[in-house]
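Trainee:
Protein chains in written order, with the numbering used here: chain A, 879 to 1181; chain B, 879 to 1181; chain C, 879 to 1181.
(1) Tell me the DSSP bridge mates of residue 1009/B?
(2) For residue 1162/A, which residues in chain C fall below 9 Å Cβ to Cβ?
(3) For residue 1156/B versus residue 1133/B, is the C-beta distance shorter than 9 Å?
(4) Only counting the same chain, and skipping five residues up and downstream in sequence, which positions put a Cβ closer than 7 Å to that of residue 1044/A?
(5) In chain B, which residues lie less than 9 Å from residue 919/A when you measure between Cβ atoms?
(6) So residue 960/A contacts chain B; which residues on that side make the cut at Cβ distance below 8 Å?
(7) Which residues of chain B have a Cβ atom closer than 9 Å to the Cβ of residue 950/A, listed in chain order?
(8) Contact criterion: CB-CB distance below 9 Å. Does residue 1123/C meet it with respect to chain B?
(9) Determine the chain B residues that contact residue 943/A at a beta-carbon separation under 7 Å, and present them in chain order.
(10) So is residue 1182/A buried or exposed if we call it buried at 16+ other beta carbons inside 10 Å?
(11) Let's test the definition: count the other Cβ atoms within 10 Å of the Cβ of residue 1147/C and tell me whether it reaches 16, buried, or not, exposed.
(12) Shorter than 9 Å from the beta carbon of residue 977/B to some beta carbon of chain C?
(13) Please report the straight-line C-alpha distance between residue 1131/A and residue 907/A, rounded to a whole angstrom.
(14) Near residue 898/C, what residues of its chain come up, given a Cβ to Cβ distance below 6 Å and the 5 sequence neighbours on each side ignored?
(15) In this structure, does DSSP put residue 1151/A in helix, strand or coil?
(16) Which class does residue 931/A belong to by DSSP, given the choice of helix, strand or coil?
(17) Name the chain A residues that come within less than 9 Å of residue 947/C, Cβ to Cβ?
(18) How should residue 1125/A be labelled, buried or exposed, when 16 other C-beta atoms within 10 angstroms of its C-beta is the threshold for buried?
(19) Counting only beta-carbon separations shorter than 9 Å, does residue 1166/C have a partner in chain B?
(20) For residue 1136/A, name the three-state secondary structure that DSSP assigns.
(21) Between which two residues does the alpha helix (DSSP H) carrying residue 989/A extend?
(22) Only counting the same chain, and skipping five residues up and downstream in sequence, which positions put a Cβ closer than 7 Å to that of residue 1025/A?
(23) Between which residues of its own chain and residue 956/A is the CB-CB distance below 6 Å, once the five residues before and five after are set aside?
(24) Can you give the Cα-Cα distance for residue 1164/B and residue 1111/C, rounded to whole angstroms?
(25) For the stretch 967–974 of chain A against the stretch 907–918 of chain B, are there 3 or more C-beta pairs whose distance is under 8 Å?
(26) Looking at the unbroken alpha helix (DSSP H) that takes in residue 1051/B, where does it start and where does it end?
(27) Looking at the C-beta of residue 1136/B, does it have a partner C-beta in chain A at a distance below 9 Å?
(28) For residue 946/A, write down the residues that DSSP places opposite it in a beta bridge.
(29) Report the neighbours of residue 1012/C on chain B: residues whose CB is nearer than 9 Å to its CB, in chain order.
(30) Short of 8 Å in beta carbon distance, which residues of its chain neighbour residue 1169/C, apart from the five on each side in sequence? Order them along the chain.
(31) Could you name the residues of chain B that residue 1169/C contacts, counting a contact when the two beta carbons are closer than 7 Å?
(32) Among all the DSSP beta bridges, which residues are the ones paired with residue 999/B?
(33) Using 8 Å for Cβ pairs, my map puts residue 1013/A next to residue 895/A. What's the rounded Cβ distance?
(34) Candidates 1033/C, 1000/C, 1072/C: which alpha carbon is nearest residue 1086/C's?
(35) Given this structure, state the Cα-to-Cα distance separating residue 1059/A from residue 1067/A, to the nearest angstrom.
(36) Whose C-alpha, out of 1101/A, 963/A, 1038/A, is nearest the C-alpha of residue 1138/A?
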């Protein structure tokens, strides 16, 4: 059944995922402009310039057009008090597809329920960010050559990372996956994810040390400690605990890859020349893949 | 005589209005791109995302291009102190048409006086918002089948509503119009509008009760109490006074229509299924009409 | 050797400058769309609506597309702490050229060092604004008919004016230039510029009075006192010291030109009819030239 909206990773099955991968590979070298008559509205209730620009660039590369706001809160300001439902109803008469970023979990689902055009969730509160998960799994598949039979080490703030959650949901769709969660005790992966993984036969273990496991993974997926979501005390406990340097990079397997959803801060401390030459450093290619995955999603939903 | 700028409702005569209606009807089904080489600058001194996006979508649907700011205050910040005249002179060398939203009444007129390209007033302070009035009268004409011989109930904050003002000016151009103003005493329609209506032979009466008059109107035009423009005491007096619910909706005539400039808050409390199925609920179609009316205005002014 | 990035005025030689002038003259009357497949990213860490809109209009007139943010600070907020290098690396996978405005001197150079696509500096802190200098010298050449053998009076806040600095660097490339600096003592031109001019055989003198020298210059280049960069005491000393009025305008030579980077405030007090009819008033043409110069630069760097 054809997907109308893209709201959360759980919606996606393996067949859909590989269809999107195939379209992505095709679109990265295509010069066709199939969306010439179409308008994308990027409706951002909180700024996320990187995500917004990648969707807008994707739309333009497909020949489409963009209307945009990072000021969507004003639509429904405390003073005026418009509901998200009404905002979406009206925006869907101006545009052919809506990319929504919202600060409240569940908003994307509500938006989809009233929209007359497709809605893509570009992050809703501490909920999901399914296009990020799709570009992550695409990057793994592209870089390693497979998306089954892999070991992924996920490192850092696993409690607060929306990216980590969405990626775990997607990995649950594949065969023989093993995840090594590496986090400070106060930032470990939440129980609902562990339940989900058990149910989907994903093996996982929880660890607190980094270097010991760098050699065991096909993918090392680093994340930022989300300072803004914890107390100073908590932050000080975990700050600087997991860092990739030129030294411990050597512990990683030759055919493994280092990924990161970016922005990275202190957790990656590699000299520029290493970043530019070591083929294991995949995070800039990962960011670029976001553009092509989003081209594929826009194409798919607007066809 | 061809209009160069669109600044206030009083400028418009019946002949122009019907020319725009005809263009609007044509453009809503047209796929032509007459404005391919043209650039619209949306110059917003205060954010109004809905209005801005509808102008931008209209321009793009006509094949045109957009440059845009919701940050126009920065052009003429207190620190730098540039005059609106200079801003417009410069912007009119970058674009073929300017849509201006400004916080000061009269700004649009000043802008038009120095601009080398057409200027459309998209709201200036407590002044006017003529494209809103045009889309309102177009909606009436479309929904009821006529724009003469109608009774309009205007409900809510009639004192502060820019929309109400502009619509009254436009209604003054038509024959055999009757307006029932329904407002709390502290928010009743201003004297200058009443003078204007008398001069233009528009019958009107002032009331304070809603339900009693719901059955007397072809159009019930609800508006939001503009909390931000009054004291808390005043707000508490009028808050919740006029509400359309499933119950009193039944009092409206079968062929009447419920309009609202949106965003609505508590003054409309209808379940979604009623909003989607009762043909009298016209406010989402009204918002969509804004898109087509603005396409017609851009076409007209750029021809 | 072909320029890859445009970072500072010192990079430019006379040959390049005249190549750009030639392209500018061609593009102002051309209807070709050579940049149809290209995307410009305007990455503004501080708002500068005028500069941003002129780049975006230039890109669109050449058939290109734009993605844009005035919110680029969010990319690298204190909380998230991303480096400018990473931001540029990622943006350069979304766009074919980047126009960067940043609050820190030297940022444009850093950006260029890691970008895979051309970078144009649209102002970095108290550093440079080379496209402004290019449009200034183009305006001189267009208006006076030459860019050698000229006397330029620079008036106002010469200490803080980024425009003044960039223009001095460019004038150093030409023959037989004389500059009359006219500034209050506390806002006089800095020593590094004087050193540079001496080294490049540009004659200059420093004065404090305006009217006495209005008749000696081919170009009178007025600037705004940058109130926001000084103490109130300093401002009061220089405020209102240099003003062009209908009266002292008469002191200017018949074939001279009055320029200003805009926005102007009190330092130019000319009635609109004089601004519109006296051919010596060049600052609106100067602003318009910005559009064409930027078209030429985008074309050049993307070819």
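Glycine included, C-beta positions come from ideal geometry on N, C-alpha and C. If you're wondering where the values come from, they're calculated on a predicted model, not measured in any experiment.
Mentor: Result, derived from the coordinates:
(1) None; residue 1009/B has no bridge partner.
(2) 964, 967, 968, 971
(3) no
(4) 887, 1006, 1007, 1008, 1010, 1011
(5) 931, 935
(6) 1140, 1141, 1142, 1143
(7) 927
(8) no
(9) 938
(10) With chain A represented from 879 up to 1181, any question about residue 1182/A goes unanswered, as that position is not in the structure.
(11) exposed
(12) no
(13) 30 Å
(14) 1174
(15) helix
(16) helix
(17) 925, 927, 930, 931, 948
(18) exposed
(19) yes
(20) strand
(21) 985–992
(22) 1015, 1018, 1019, 1052
(23) The pLDDT assigned to residue 956/A is 49, lower than 50, so where the model puts this residue is not dependable; a value taken from the coordinates is nonetheless given after this. Taken in chain order, the list of residues that qualify is empty.
(24) 56 Å
(25) no
(26) Where residue 1051/B is concerned, there is no enclosing alpha helix (DSSP H), given that its DSSP letter is neither H nor E.
(27) no
(28) 920/A
(29) Those do not exist, as residue 1012/C stays about 17 Å from chain B at its closest Cβ, beyond 9 Å.
(30) 932, 935, 936, 939
(31) 971, 972
(32) 978/B
(33) Wrong, their Cβ atoms sit about 11 Å apart, outside the cutoff.
(34) 1033/C
(35) 7 Å
(36) 1101/A
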